[in-house]
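Trainee: Here it is: the structure, laid out below.
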């Protein structure tokens, strides 16, 4: 009876997970449809551009996002071509109307001064998601005119291309992530079955995480965008795989010591659950610090990531153990661990441990010096922001259209900056705006043909300011910043909004988030480590090494992004997300190392304990680091610059933590500190002095 009961619990757990996979998958598939990828939706209510957007509704009850239809010829456009363009405008309007995206009548064709181009503003409804992508593509097909290059650009066209960059989240991104993880696991385990168990665990955690995220988003509790969904998906795949690697490694180790698979699993779980839960807790609490962000995109990323990682921990401690214990040694076929056999000893990590044990001061000095040398370049990292145009990698009709627009019109036409000012001061405000460098024109909103009286709503007047530079460029952001300063002198009550102002507010909010969230993450991670290791010195040491590693990563990225890859810059939000993930994930590997080091230190002393832990955990932690770096590297398959940059920051940073910080810096520092590492716990007050001896075979 007892024998049957041992089989029953893991079988029930396995069936529960597999039975829930279908309903969870149905909910998970709906998450993409709830994405909100526009900048304004992520800003706080206190942002100046947000307040302007609310006031704009009084001037124009029907809100819209303009798509600029543009035709460019090799020379002046003749009358026949202009007539055909007028017909194509009607076709494009019909396409938008049939799709339910038309927010108003298009403007008449506006020729350029050189006669070589014509533009039309087609207003689209702003309540848009990924559904705009096929609509814009249909409009592009409808406006083709022989003898011209045609574009759908402006905010509507570029947003569609940007949203299209997330189209591969459910397909290409996850295929790349799972593919690279499978390849690494096949090399690590040399088993055809075990990799699929680990990947199945990650897949179930991902499905459950997305299902819960859908329920939260559908009830208005969080905001989901393509960025948060993509990053959270990659995070859960990498985290679940890492936790699976740790459990599998310990289970295989115990199978050599225990004849019963059930006893081996009980021991493996008893020794593994604490570091896995602590590792998950550091990531969960770290990403939840994003709730302090004023950008709702970051606030949405925090809960989605936290839920996903929590479910990765649950899956790694329930589904995977159940599957492993039911299969037993057969899971490792053809290299089954035999009871009583000695584990194969790879000499590589033993040699590293021996090197650290012989020359800890030299190892610590050289490795720290290398990290500091890289970190010196961190202040040169360009986080001043990038345009939507620069954010899109590869071909983009919208980006090409912006360049063509700038050749023939004021670059900011079609996406004016909006100023809302009291009625009594609007002439002075308009004059001050026109005098701002980078402003091409200023006209009051009349609600009809230009030249009429301005519309007054609740004692306010709206001014439309056309910039001389592209509205989504960093130069435009600087112009709007200067414009706000000029208008403060003319009338402090004047407010500046519009797409460019939203980008400026997003950049300033991201800078504020960086200053608030970075120390919050460090405090939270330190507290978790102190509780786990029951010490104060070790947590401070680990956090300091990870911060140094992050600095080195940012320094290397600054050099490569500018001098090698030629990136136009970086968004400040990338630094924040990169920091949170690097600290939380970098601490993971130190947790795996130091929990084993504490276990070994109780028997062999701190110096030998940490070296033994390094030798024993080196293989599994290295495999985990490679898996996590490779999964984040999968983000680069999507044609969006900030995801490419984030994939490098996190991927390179994880490898730096794996091969330098966890392998050299931390063991060398702990070996030098000795029992003081565990102060003020009892391990720091050992009754006998710690023996100084070379690392013994482990």
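In our numbering, the protein residues as written are 189 to 886.
C-beta: ideal position from N, C-alpha, C; glycine also.
1. Taking 9 Å as the threshold (C-beta atoms), are residue 773 and residue 838 in contact?
2. Restricting to Cα atoms, I'd like to know which of 407, 235 and 344 is closest to residue 659.
3. Give every residue of the same chain whose Cβ lies closer than 7 Å to the Cβ of residue 236, excluding the five residues on either side of it in the sequence, and list them in chain order.
4. Expressed to the nearest angstrom, what Euclidean distance is found between the alpha-carbon atoms of residue 734 and residue 454?
5. Just verifying my parser: in three-state terms, what is the DSSP assignment at residue 537?
6. Beta strand (DSSP E) containing residue 337: first to last residue?
7. For the beta strand (DSSP E) containing residue 255, list its first residue and its last residue.
8. Taking the alpha-carbon positions, what's the residue 270 to residue 603 distance?
9. Hey, how far is the Cα of residue 329 from the Cα of residue 840?
10. In angstroms, rounded to a whole number, what distance separates the CA positions of residue 745 and residue 791?
11. In the DSSP assignment, find the beta strand (DSSP E) that holds residue 605 and state where it starts and stops.
12. Can you name the residues that DSSP bridges to residue 644?
13. State buried or exposed for residue 786, treating a residue as buried only when at least 16 other CB atoms are found within 10 Å of its CB.
14. Going by CA-CA distance only, name the one from 287, 361, 797 and 481 that's closest to residue 709.
15. Can you give me the C-alpha to C-alpha distance between residue 496 and residue 396, rounded to a whole angstrom?
16. Which first and last residues belong to the beta strand (DSSP E) in which residue 757 is found?
17. In this structure, what does DSSP give as the bridge partners for residue 308?
18. Considering residue 380, what are the terminal residues of the beta strand (DSSP E) in which it resides?
19. Just to confirm, is the Cβ distance from residue 575 to residue 661 under 9 Å?
20. Taking residue 632 as part of the beta strand (DSSP E), name the residues at either end of that continuous run.
21. What is the DSSP secondary structure of residue 866, reduced to helix, strand or coil?
22. Going by DSSP in three states, residue 564 sits in which element: helix, strand or coil?
23. Ordered along the chain, which non-local residues of its own chain (more than five positions away) have a Cβ less than 8 Å from that of residue 464?
24. For the segment 364-376 against the segment 442-461, are there 3 or more C-beta pairs whose distance is under 8 Å?
25. Beta carbon of residue 412, beta carbon of residue 390: below 9 Å?
26. Do you know how far the Cα of residue 823 is from the Cα of residue 208?
27. In angstroms, rounded to a whole number, what distance separates the CA positions of residue 881 and residue 719?
28. Does the Cβ of residue 417 have 16 or more other Cβ atoms within 10 Å, making it buried, or fewer, making it exposed?
29. When you compare each of 726, 618, 678 and 568 to residue 869 by their alpha carbons, which one comes out closest?
30. Are the beta-carbon atoms belonging to residue 297 and residue 274 less than 9 Å from one another?
31. Look up residue 779 in the DSSP assignment and say whether it is helix, strand or coil.
32. Give the list of continuous alpha helix (DSSP H) stretches no shorter than 4 residues that lie fully inside the segment 790-861.
33. Mind checking which residues open and close the alpha helix (DSSP H) that includes residue 686?
34. In the DSSP assignment, find the alpha helix (DSSP H) that holds residue 585 and state where it starts and stops.
35. Which residue from 202, 260 and 232 puts its Cα closest to that of residue 701?
36. Between the Cα of residue 866 and those of 728, 780, 334 and 203, spot the shortest distance and give me the residue it belongs to.
Mentor: From the atom records:
1. When the beta-carbon positions are compared, residue 838 and residue 773 come within less than 9 Å of each other.
2. Out of 407, 235 and 344, 344 has the C-alpha closest to the C-alpha of residue 659.
3. A distance below 7 Å between beta-carbons, with the five flanking residues on each side excluded, links residue 236 to the following residues of its chain, in chain order: 683, 684, 685, 689 and 693.
4. Their Cα atoms are separated by approximately 33 Å.
5. Collapsing the DSSP output to three states places residue 537 in a helix.
6. Judged by DSSP secondary structure, residue 337 falls within the beta strand (DSSP E) whose first and last residues are 336-341.
7. 253-261 is the span of the beta strand (DSSP E), which, as asked, contains residue 255.
8. Going from the Cα of residue 270 to the Cα of residue 603 covers about 24 Å.
9. About 42 Å.
10. Their Cα atoms are separated by approximately 42 Å.
11. Start and end: 605-610.
12. For residue 644, DSSP records a beta bridge to 649.
13. Per the 10 Å Cβ criterion, buried.
14. Nearest option by C-alpha distance: 481.
15. If I take the Cα positions, the gap works out to 8 Å.
16. Judged by DSSP secondary structure, residue 757 falls outside any beta strand (DSSP E); it is assigned neither H nor E.
17. Partner(s): 257.
18. No beta strand (DSSP E) contains residue 380, which DSSP labels as neither H nor E.
19. For residue 575 and residue 661, yes; Cβs fall inside 9 Å.
20. In this chain, the beta strand (DSSP E) harbouring residue 632 covers 627-632.
21. Helix, per DSSP.
22. DSSP places residue 564 in coil when its eight states are reduced to three.
23. Within the same chain, 431, 434, 435, 501, 504 and 505 come within 8 Å of residue 464 by CB-CB distance, once the 5 residues on both sides are set aside.
24. Contact fails: fewer than three Cβ-Cβ distances are below 8 Å.
25. Not closer than 9 Å, so no.
26. So the two alpha carbons sit approximately 28 Å from each other.
27. Here the model assigns residue 881 a pLDDT of 45, short of 50, so the residue's position is not dependable, and the following value carries that caveat. Those two C-alpha atoms are separated by around 30 Å.
28. Label assigned to residue 417: buried.
29. Of all alpha-carbon atoms in 726, 618, 678 and 568, the one lying nearest the alpha-carbon of residue 869 is that of 726.
30. With contacts defined as CB atoms closer than 9 Å, residue 297 and residue 274 qualify as a contacting pair.
31. Secondary structure at residue 779: helix, using DSSP grouped into helix, strand and coil.
32. As far as the segment 790-861 is concerned, its whole alpha helix (DSSP H) runs of at least 4 residues are 794-821, 829-844 and 854-861.
33. First-last for residue 686: undefined, no H or E at that position.
34. Bounds of the alpha helix (DSSP H) holding residue 585 are 585-596.
35. 232 is the residue among 202, 260 and 232 whose C-alpha sits nearest the C-alpha of residue 701.
36. When C-alpha distances from residue 866 are compared across 728, 780, 334 and 203, the shortest belongs to 728.
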